[in-house]
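Quick notes on the structure that follows.
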Amino acid sequence: MNYVIDTHVLLWWLSDSPRLNSQCRDILRFKPVWCSVVSLWEIAIKQHIGKISVPDTFFKDVKGQGFIWLEVQFNHIDALQRLPLHHKDPFDRMLVAQAHTEELALITADKNISRYNIPILRPD
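Using my numbering, you'd call the opening residue of the sequence shown number 17 and step up by one each time.
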């Protein structure tokens, strides 16, 4: 199984949060894991509006984590427009569309995402 991480999992990983269980930590250490540029976009927006705070070096630091970067492609947008509206967060919806299209399990603690027909791994 291959994995893509949700934005909060990326933040937890980079802050060494105790919220991540040992299975998730092992996957992030030893398996190929995708990280969507959508997560970086979400973090940049939330930082700008004051919802979160990340170090000034955050975007430089995240590049050195060994993730496989997942860009937004036309087929992801096509999948997005066909998703049922189980979740209104546009960033999460795109992550679901990418996970579905690329056949990746999404590592997320977001219970709303479990309503979609994609494999999920809970990190907590």
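Virtual Cβ for every residue (Gly too), placed ideally from N, Cα, C.
As the structure is a computational prediction, the values presented were derived from the model and not from experiment.
*Straight-line Cα distance separating W29 from K47*: Taking the sequence shown and counting its residues from 1, one reaches residue 47 at position 31. Taking the sequence shown and counting its residues from 1, one reaches residue 29 at position 13. When rounded, the distance between both Cα atoms is 14 Å.
*For S52 versus L86, is the C-beta spacing smaller than 7 Å?*
The count along the sequence shown starts at 1 and reaches residue 52 at position 36. The count along the sequence shown starts at 1 and reaches residue 86 at position 70. Yes, the pair counts as a contact, with Cβ atoms nearer than the cut-off.
*asked:* Within 10 Å of its beta-carbon, does E119 have 16 or more other beta-carbons around it, so buried, or fewer, so exposed?
replied: Position 103 of the sequence shown holds residue 119. Its Cβ having fewer than 16 others within 10 Å, E119 is exposed.
*Hey, quick one: how far does the beta strand (DSSP E) through S55 stretch, first residue to last?*
The residue you call residue 55 lines up with position 39 of the sequence shown. No beta strand (DSSP E) contains S55, which is instead part of the alpha helix (DSSP H) from 53-64.
_What would DSSP say about A121, mapped onto helix, strand or coil?_
Locating residue 121 in the sequence shown gives position 105, where the first residue counts as 1. If DSSP states are grouped into helix, strand and coil, A121 belongs with the strands.
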